[in-house]
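> Take a look at this one; I'll ask things after.
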Amino acid sequence: MRARFLREKLLLALGWTAMLGTLLSLSGLVLFLLVRGLPAVNLRLFFGSTPPLDAILAVRPVWGGIWPAAAGTLFLLAVTMSLALAPGLACGVYLACFAGRRERDWIGGCVDVLAGVPSIVMGLFGLQLIILLRRTFLPQGTTCLLLAAFCLAVLVLPVLVTSVRAALEALPQGLTLTASALGMTRGQAVLRLLLPAAAPGILGGVILAMGRAMEDTAVIMLTGAVANAGLPAGLTSKFEALPFKVYYTAAQYSGPEELSQGFGTASVLLLLSAALILGARALQGRLTQRWRGAAGRGGIGA
Numbered sequence: 001m002r003a004r005f006l007r008e009k010l011l012l013a014l015g016w017t018a019m020l021g022t023l024l025s026l027s028g029l030v031l032f033l034l035v036r037g038l039p040a041v042n043l044r045l046f047f048g049s050t051p052p053l054d055a056i057l058a059v060r061p062v063w064g065g066i067w068p069a070a071a072g073t074l075f076l077l078a079v080t081m082s083l084a085l086a087p088g089l090a091c092g093v094y095l096a097c098f099a100g101r102r103e104r105d106w107i108g109g110c111v112d113v114l115a116g117v118p119s120i121v122m123g124l125f126g127l128q129l130i131i132l133l134r135r136t137f138l139p140q141g142t143t144c145l146l147l148a149a150f151c152l153a154v155l156v157l158p159v160l161v162t163s164v165r166a167a168l169e170a171l172p173q174g175l176t177l178t179a180s181a182l183g184m185t186r187g188q189a190v191l192r193l194l195l196p197a198a199a200p201g202i203l204g205g206v207i208l209a210m211g212r213a214m215e216d217t218a219v220i221m222l223t224g225a226v227a228n229a230g231l232p233a234g235l236t237s238k239f240e241a242l243p244f245k246v247y248y249t250a251a252q253y254s255g256p257e258e259l260s261q262g263f264g265t266a267s268v269l270l271l272l273s274a275a276l277i278l279g280a281r282a283l284q285g286r287l288t289q290r291w292r293g294a295a296g297r298g299g300i301g302a
C-alpha cells in the first residue's frame, strides 16, 4: 500500500510539474513578447506617415506601416476558411456517420498522413502547382493570395476533419435513438439534430484551424506573400501578411527601431489571434449553453 501511495504521489507531482512548466514557459514567452512589442504599438506602426482614414479607405498607400499586412492576414484567413470549411465538415460528417469500417480506416489514415505534412512541404507543393499551371493551362498564372489560401486550406483540413469527426462521435447514443424514434432518415438526423448538438466541438476545431492558418509563414512565403504589396487588390494579387512581416523584419532589420517594429508586429499578430480565438470561444460557450438548455427542456440525450 505504501509503495502504491508513493507512486501515486510521484505521478501527481510529475503532472503538476509538467503543467506548471508549460504554463510558466508560455507565460514567459508571451510576457517577453508583449514587454518588447507593446511600446512600439501605435498609429505610426500601423499607418506610417499616412493619415489613418486615408489608409483604411485605400485612398493613399501605406509606407512603413503594417496596416496592409494586417488587412492581408484577415483577408487570407477569410479565404482560407471559406475553402476549408465545406470539405472539412463534409469529410468529418461522412467518417462519423456514414462511412463503413474500412472506409474509416483508409480515409482516416490519409487524413493522419496529411496532418503530418510540414508546412514548408505544402508551400513547395503550391509553388510547383503554379509552375505546372503556367506550363499548361495558365501561362500568365503566378503566386497570389488565392494560391496561398488554397495551400493553407489543405494544411488545416486535417484539423477540421478530425475535430468534426470527434465531436460527432462523442455525442450520446440517445440522440441517434431519438432521431430514429422520430422517423428521421440518417441525413435528416445529421442535419437537424447531430450537427447542432456537436456545434461547440466543431467550433473548437475551427478555432484551432484559424490559429494554424494565421501563424504559418512557410506556406505564404512560397505562394504569394511579399514585403511591400500594399492592400490586397484581389484573389490573384500579391499580398502582405503579419507572419511574413515578422520574418522579413527579423531577417533584414538594420537597427533597433526596425527591430522594435518587428516586436510590435509580432505583438499585433498575437493580440489579433487572441481576439479572434476569444470571440470564437465566447460563441462556442453560448452554443453549448443553448444546446444544454434545449436538451434539458426536451429531455434529449437522456
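Residue numbers (full-length UniProt numbering): 1 to 302.
Where a beta carbon is used, it is the ideal one built from N, C-alpha and C, also for glycine.
(1) Output yes or no for whether 7 Å exceeds the beta carbon distance between L160 and G108.
(2) So, is I131 buried or exposed, given that buried needs 16 or more other C-beta atoms within 10 angstroms?
(3) Suppose the cutoff is 6 Å on Cβ atoms and the five residues either side in sequence are ignored; what does the same chain contact list for L152 look like?
(4) If contacts are defined as beta-carbon pairs under 8 Å, then residue 362 and L175 qualify, I think. What distance do you get, rounded to the angstrom?
(5) Touch check for the segment 64 to 73 and the segment 234 to 242: three-plus C-beta pairs under 8 Å?
(6) With a Cβ-Cβ cutoff of 7 Å, do A199 and L287 count as a contact?
(7) What does the alpha-carbon distance come out to for the pair residue 303 and L269?
(8) Mark F32 as exposed unless 16 or more other C-beta atoms lie within 10 angstroms of its C-beta, in which case mark it buried.
(9) Give the secondary structure of A225 by DSSP, where H, G and I count as helix, E and B as strand, and everything else as coil.
(10) Can A99 be considered in contact with the ligand NAP, in the sense that its beta carbon sits closer than 6 Å to one or more heavy atoms?
(11) Cβ atoms of L145 and V61: under 7 Å apart, would you say?
(12) Is there contact between the segment 88 to 103 and the segment 154 to 172, where contact requires at least three CB pairs shorter than 8 Å?
(13) Check whether the Cβ atoms of G92 and S267 lie closer than 7 Å to each other.
(14) Between A225, V41, L14 and Y248, which lies nearest to T143 when the distance is taken from Cα to Cα?
(15) So that I know if they touch, is there some Cβ in chain C lying closer than 7 Å to that of S49?
(16) Which stretch, first to last residue, makes up the alpha helix (DSSP H) that contains T162?
The short version:
(1) Mapped onto the sequence shown, residue 160 falls at position 160. Mapped onto the sequence shown, residue 108 falls at position 108. No, the pair does not count as a contact, with Cβ atoms beyond the cut-off.
(2) Taking the sequence shown and counting its residues from 1, the one referred to as residue 131 is at position 131. Classification for I131: exposed.
(3) The sequence position of residue 152 within the sequence shown is 152, counting from 1. For L152, where only same-chain residues beyond five positions count, the Cβ hits under 6 Å are T80, A213 and V219.
(4) Because the chain is modelled from 1 through 302, residue 362 falls outside the range shown and cannot be assessed.
(5) yes
(6) Residue mapping note: residue 199 aligns to position 199 of the sequence shown, counting from 1. Residue mapping note: residue 287 aligns to position 287 of the sequence shown, counting from 1. In contact: A199 and L287 (Cβ atoms closer than 7 Å).
(7) This structure leaves residue 303 out entirely; the chain is present only between 1 and 302.
(8) Numbered from its first residue, the sequence shown carries residue 32 at position 32. The residue is exposed, with fewer than 16 neighbouring Cβ atoms inside 10 Å.
(9) As a working mapping, residue 225 is identified with position 225 in the sequence shown. Under the three-state reduction of DSSP, A225 is assigned to strand.
(10) Absent from the structure shown: the ligand NAP. Ligands present: none.
(11) For the purposes of this step, residue 61 is taken as residue 61 along the sequence shown, with counting starting at 1. For the purposes of this step, residue 145 is taken as residue 145 along the sequence shown, with counting starting at 1. Residue identity differs from the one stated: residue 61 is Pro in this sequence, not Val. 7 Å or more divides the Cβ of P61 from the Cβ of L145.
(12) yes
(13) Position 92 of the sequence shown, counted from the first residue, corresponds to residue 92. Position 267 of the sequence shown, counted from the first residue, corresponds to residue 267. Not a contact, by the Cβ cut-off of 7 Å.
(14) Here residue 143 refers to the residue found at position 143 when the sequence shown is read from its first residue. Out of A225, V41, L14 and Y248, A225 has the C-alpha closest to the C-alpha of T143.
(15) Given the protein chain composition of this structure (a single chain), no chain C is represented.
(16) Translated into positions along the sequence shown, residue 162 becomes position 162. Per DSSP, the unbroken alpha helix (DSSP H) holding T162 starts and ends at L145 to E169.
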